[in-house]
Amino acid sequence: MEQTLDINYINLFLGYLLVLIPVIIFYHYKTGLIKDSLIAVLRMTIQLTLVGLYLEVLFEYNNAWINSLWWIIMVIIAAFTITKRAYLTRRFFVIPLAISLVISLAIVDAYFLGIVIDLDYFFDARYFIPISGIILGNCLKTNILGLNTFYKTIHQEKVRYRYYLANGATQAEALAPFMREALKTAFNPLIATITVVGLISLPGMMTGQILGGSSPQVAIKYQIMLMISLFASTLISVVLTIIIANRLVFDDYGNMKENVMKKNQNS
Amino acid sequence: MISVKNLTVQFDGKVLYRNFSMNVEKGEKVTLAGESGVGKTTFIHLLLGFLPVYDGEIYIFSKQLNPKNIQYIRSNIAYIPQELYFPFNSVEEIIYTPFRFKRNRDAAPTLEQIKETLIEFNLEKDILKKNLDEISGGQKQRIAIVSGLLLNKPLLILDEPTSALDTNTINKVVSRVLKQNKQTVLSTSHNQNWTDHSDKIYNLDQHGANA
Chain A
6 MEQTLDINYI NLFLGYLLVL IPVIIFYHYK TGLIKDSLIA VLRMTIQLTL VGLYLEVLFE
66 YNNAWINSLW WIIMVIIAAF TITKRAYLTR RFFVIPLAIS LVISLAIVDA YFLGIVIDLD
126 YFFDARYFIP ISGIILGNCL KTNILGLNTF YKTIHQEKVR YRYYLANGAT QAEALAPFMR
186 EALKTAFNPL IATITVVGLI SLPGMMTGQI LGGSSPQVAI KYQIMLMISL FASTLISVVL
246 TIIIANRLVF DDYGNMKENV MKKNQNS
Chain B
238 MISVKNLTVQ FDGKVLYRNF SMNVEKGEKV TLAGESGVGK TTFIHLLLGF LPVYDGEIYI
298 FSKQLNPKNI QYIRSNIAYI PQELYFPFNS VEEIIYTPFR FKRNRDAAPT LEQIKETLIE
358 FNLEKDILKK NLDEISGGQK QRIAIVSGLL LNKPLLILDE PTSALDTNTI NKVVSRVLKQ
418 NKQTVLSTSH NQNWTDHSDK IYNLDQHGAN A
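Here it is in structure tokens:
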């Protein structure tokens, strides 16, 4: 296999200079986003450096327990991130999210790695870690959008929800229209992405594989399987999180509790 | 039908009602009166289990208002809130939505029944096909009442049902709604038409913090 060209540190530094462009534009429009952008780039650099080091170790040992531990850590971080970005409160959502992410990712990993790729060693770090990571990373956005839309709409349209309940709807019936709207909002962008994949975007994993020396034929097969896995696991995780979290979020009368959403949604 | 005993409700240290009691018999038409902001809507929300924080006892259909009975209670009520901000596209949808729920499915009205009831409320039957942005606030309010009546539940709860209507139309609506013989009707309004024609009036002004 052909090796990808390395980037030396001087050139890497040159690459960082690109950040100046958004900084200048944000400064010009006084968006107040400069600090956040610089922190984001800094965090990304630190995180990826650490992950790079960690992955070196992971690949060296290639041990099922260590790899699974990493998998669990990724899921937990994802659960916290989704909760925060969807403006939901931790006490109601972190555990339901962690449970549903574990379940959805486990199902899809088992299918993708165990059946489709048919790995001899299921926990092989080279497949298990990046594929789980890319699925998890991509399902963040849809989860955030779906969960935020669902709970925010119920909160904002309390009158409608109560109207359903007070006119004989079961809780499931009263929640169904909100679920429908949340799924539409969350999955429309993902469906759009799947529709145009390859035409107006070359997806990350496929690009990575091609850069890494794989033939485009192999890369597209992986990409197709990835998109389908992503679709399935995201849908499972959104629906499952809502089902589990609703047991905590609603009181015995079917009312949504007051402190489910964080107040400063616009900040 | 409805029995409220020594109800006391406080929000953030402010007393909304103190020792309020009421008794509504089957078939009675009752109006909850009082100035704006006195807590009429809050009282309706209490009855429907939307604000389960109070001292005192509430019984509806001889069942105590508690999590065990709330499904039963709600399934025997038709409730029309003060303002309908629904993303429904058409008038038809307002009418049919409650009948999509399993508990109401068998009671779905025929098109004839719907049209007859619309006419009783001075609404043209063609209005069914209209979009919500094509009709006025007053028409919307009457359509909501029509849907509540068609549900034909033992208890009809209307929150400020005629706030967007002119006096003539209020007269028509009041006499039509209160004509329901078997149905118990509880409405909130400070309009005299409702208070004049009700069997009982409870004035919440007299039970609030300032009473």
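Those sequence lines, one after another, are chains A and B.
Per the numbering used here, the very first residue in the first sequence carries number 6; after that it's consecutive.
Per the numbering used here, the very first residue in the second sequence carries number 238; after that it's consecutive.
Even glycine gets a Cβ: it sits at the ideal position worked out from N, Cα and C.
Is the beta carbon of residue i sitting closer than 8 Å to the one on residue j?
i, j, result
"Tyr291 (chain B)", "Leu283 (chain B)", "yes"
"Ile394 (chain B)", "Ile307 (chain B)", "no"
"Asp257 (chain A)", "Pro304 (chain B)", "yes"
"Ile199 (chain A)", "Met232 (chain A)", "yes"
"Ile139 (chain A)", "Tyr132 (chain A)", "no"
"Val261 (chain B)", "Thr421 (chain B)", "yes"
"Leu288 (chain B)", "Thr279 (chain B)", "yes"
"Ser373 (chain B)", "Thr268 (chain B)", "no"
"Asn72 (chain A)", "Leu60 (chain A)", "no"
"Gly271 (chain B)", "Leu441 (chain B)", "yes"
"Leu388 (chain B)", "Val328 (chain B)", "no"
Under 8 Å between C-beta atoms, does residue i make it to chain A?
i, result
"Tyr322 (chain B)", "yes"
"Ser327 (chain B)", "no"
"Phe287 (chain B)", "yes"
"Ile438 (chain B)", "no"
"Phe248 (chain B)", "no"
"Asn341 (chain B)", "yes"
"Ser312 (chain B)", "yes"
"Leu388 (chain B)", "yes"
"Pro304 (chain B)", "yes"
"Ala315 (chain B)", "yes"
Helix or strand or just coil, what does DSSP make of residue i?
i, result
"Asn430 (chain B)", "helix"
"Gly213 (chain A)", "helix"
"Tyr1 (chain A)", "Because chain A in this structure spans residues 6 to 272, residue 1 (chain A) falls outside the shown range and cannot be described."
"Leu60 (chain A)", "helix"
"Leu365 (chain B)", "helix"
"Ser424 (chain B)", "strand"
"Val275 (chain B)", "coil"
"Val290 (chain B)", "coil"
"Gln8 (chain A)", "coil"
"Ile29 (chain A)", "helix"
"Tyr254 (chain B)", "strand"
"Asn16 (chain A)", "helix"
"Tyr322 (chain B)", "coil"
"Leu393 (chain B)", "strand"
Under 8 Å, Cβ to Cβ, is there at least one residue of chain B near residue i?
i, result
"Asn165 (chain A)", "A quick correction: the sequence has Arg, not Asn, at residue 165 (chain A). Yes, Arg165 (chain A) counts as interfacial toward chain B."
"Ala45 (chain A)", "no"
"Val254 (chain A)", "no"
"Gly3 (chain A)", "Nothing about residue 3 (chain A) can be read from this structure; chain A reaches only from 6 to 272."
"Asn260 (chain A)", "yes"
"Leu102 (chain A)", "no"
"Thr168 (chain A)", "Looking at the sequence provided, one finds Tyr at residue 168 (chain A) rather than Thr. Yes, Tyr168 (chain A) lies at the interface with chain B (some Cβ there is under 8 Å from its Cβ)."
"Glu263 (chain A)", "no"
"Asp11 (chain A)", "no"
Name the one or two DSSP bridge partners that residue i has.
i, result
"Ile295 (chain B)", "B:Val241"
"Leu440 (chain B)", "It is Asn, not Leu, that sits at residue 440 (chain B) in the sequence shown. BP columns for Asn440 (chain B) point to B:Ala270."
"Phe358 (chain B)", "BP columns for Phe358 (chain B) are empty, so no partner."
"Lys300 (chain B)", "B:Ile297"
Completely contained alpha helix (DSSP H) runs for the segment 66-153 of chain A, where each covers 4 or more residues: Qualifying alpha helix (DSSP H) stretches, in chain order: 69-90 and 95-114.
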